[in-house]
Amino acid sequence: GSTVLLNTASSIRVQDDAEARRVTLLEGEAYFSVARDPRPFTVEVDGRRLRTTQAGFRVRKLGGSPVDVLVDRGRVDLAAPNRVDVALGANTRLLLSAAGQPQLITPEIVTRELSWREGKLAFEGETLKQAAETFARYSDIRIHIRDPQLAREPVTGLFAANDPVGFSRAIARVFDAKLEQRGDDVILTRTAAVQ
Numbered sequence: 001g002s003t004v005l006l007n008t009a010s011s012i013r014v015q016d017d018a019e020a021r022r023v024t025l026l027e028g029e030a031y032f033s034v035a036r037d038p039r040p041f042t043v044e045v046d047g048r049r050l051r052t053t054q055a056g057f058r059v060r061k062l063g064g065s066p067v068d069v070l071v072d073r074g075r076v077d078l079a080a081p082n083r084v085d086v087a088l089g090a091n092t093r094l095l096l097s098a099a100g101q102p103q104l105i106t107p108e109i110v111t112r113e114l115s116w117r118e119g120k121l122a123f124e125g126e127t128l129k130q131a132a133e134t135f136a137r138y139s140d141i142r143i144h145i146r147d148p149q150l151a152r153e154p155v156t157g158l159f160a161a162n163d164p165v166g167f168s169r170a171i172a173r174v175f176d177a178k179l180e181q182r183g184d185d186v187i188l189t190r191t192a193a194v195q
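Counting in the numbering used here, the sequence shown runs from 1 upward without gaps.
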């Protein structure tokens with residue numbers, strides 16, 4: 001009854017036997033919906049173990065960023081051999097870095113962080129450059145921002161993950177930019193000021 005939903009460009013390894021349910025997140029992002037079972041459910045990522053008996057949680061391992069764990073419901077334990085390091089409850093986030101401490105987050109942030117499960121990308125203050133990088137995970141169409149100041153503009157909104165051109169059109173309107181599409185490249189430049 002347990003399920004895993006993989007985001008784009010993600011891979012896992014599964015070992016399910018009579019004694020335990022184990023998943024290793026190799027790369028990317030996965031949402032685990034763990035149904036109650038007498039066997040423990042463990043997610044291994046970068047040598048760390050997350051264990052639960054029943055929970056909904058997301059684990060993200062992208063590039064050089066710290067592993068990001070977000071618990072939607074239930075309880076997930078960050079385990080060390082023979083003990084629990086940290087217990088994470090619902091609406092909690094933890095970055096698995098040397099100094100990472102659990103943070104309580106609002107249900108709205110949880111919903112935004114998990115919007116990819118419905119094919120959406122939610123931004124709340126990320127730069128346009130960061131948004132373009134996020135869209136690159138979901139499409140062969142690349143957004144190029146030629147103006148460094150435009151690339152630093154904050155973006156807020158909910159967008160279809162598979163529509164980088166629609167996103168770019170909205171950005172062009174909001175930030176008075178010019179959009180040019182050349183094959184799989186969308187180029188955004190700031191409109192020159194009228195003198």
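Just so it is clear, CB atoms sit at the ideal spot from N, CA and C, and this is done for glycine as well.
Which class does residue i belong to by DSSP, given the choice of helix, strand or coil?
i: E19; result: coil
i: G166; result: helix
i: F175; result: coil
i: L95; result: strand
i: L150; result: helix
How about residue i and residue j: do their beta carbons lie closer than 7 angstroms?
i: G89; j: R75; result: yes
i: R36; j: Q54; result: yes
i: P102; j: L95; result: no
i: L50; j: L78; result: yes
If you draw a straight line from the C-alpha of residue i to the C-alpha of residue j, how long is it?
i: L62; j: E180; result: 29 angstroms
i: V165; j: V186; result: 7 angstroms
i: L158; j: T189; result: 22 angstroms
i: V155; j: A131; result: 8 angstroms
i: I171; j: F32; result: 33 angstroms
i: D147; j: E124; result: 21 angstroms
Excluding the 5 residues preceding and the 5 following residue i in the sequence, name in chain order all residues of the same chain whose CB lies nearer than 8 angstroms to its CB.
i: V174; result: none
Quick one: residues in its chain with C-beta nearer than 6 angstroms to the C-beta of residue i, no 5 flanking neighbours on either side, listed in chain order?
i: D184; result: D140 and I141
i: W116; result: N7
Using C-beta distances below 7 angstroms, list every residue in its chain close to residue i, excluding the 5 sequence neighbours before and after it, in chain order.
i: A151; result: T127, L128, K129 and I145
i: S11; result: L26, E27 and G28
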